[in-house]
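Working notes, beginning with the structure itself.
In the working numbering, the protein residues as written are 2 to 202.
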């Protein structure tokens with residue numbers, strides 16, 4: 002028991018020494034991981050919700066190193082009157098993979114996400130873990146790399162913008178190569194905010 006307490010004290014000392022944030026999770030590790038997340042939604046003020054999602058990720062998960070442009074796309078896998086806005090973030094985090102997933106779902110809930118059994122439905126906020134370093138996970142609540150990322154143009158376009166050479170550890174192809182070979186016909190285009198449209202008018 003004493004050894005365990007000493008280990009906890011040591012971890013806390015290292016966290017403070019290197020200024021690692023202590024997030025709202027009981028499990029954390031001292032090594033930083035590079036993860037790629039896609040955020041977005043199609044309900045409410047879509048642009049504002051993307052901004053709020055990114056800010057909560059900064060607060061609860063880690064430093065946002067890069068972010069793609071915001072892209073607009075038709076709903077994927079179901080029909081809805083409102084298109085989705087999506088953005089890909091590259092984030093440095095000290096969270097363990099399952100803790101990262103729990104924190105993403107907490108942020109979604111904070112922003113009004115109501116989960117049901119249908120994966121393809123309208124939502125205010127959605128956060129998917131695309132990559133967690135070059136790790137491969139096939140755990141019941143988490144599959145990384147995301148099992149459908151190579152099939153989705155709305156994922157590949159923003160991801161290729163910030164990480165074109167990133168290699169898929171299972172498929173052995175770069176994001177640019179996956180984008181070039183993707184057969185998804187969903188329309189995806191760079192989003193112009195209301196402010197940008199006003200300036201361009």
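Each residue gets a CB set at the ideal place from its N, CA and C atoms; glycine is no exception. Small disclaimer: the values here were computed from a predicted structure and weren't measured.
For residue 68, the enclosing beta strand (DSSP E) begins and ends at 63-68. With contact defined as three or more Cβ pairs closer than 8 Å, the region 160-167 and the region 136-148 are not in contact. Bounds of the beta strand (DSSP E) holding residue 88 are 85-94. By the 16-neighbour rule on beta-carbons within 10 angstroms, residue 188 is exposed.
130 is the residue among 172, 130, 139 whose C-alpha sits nearest the C-alpha of residue 62.
A distance below 7 Å separates the beta carbons of residue 92 and residue 36. By the neighbour-count criterion, in which a residue is buried when 16 or more other Cβ atoms sit within 10 angstroms of its Cβ, residue 181 is exposed.
Judged by beta-carbon spacing, residue 41 lies beyond the 7 Å limit of residue 135, meaning their Cβ atoms are not closer than that value.
Here the alpha carbon of residue 113 sits roughly 14 Å from the alpha carbon of residue 52.
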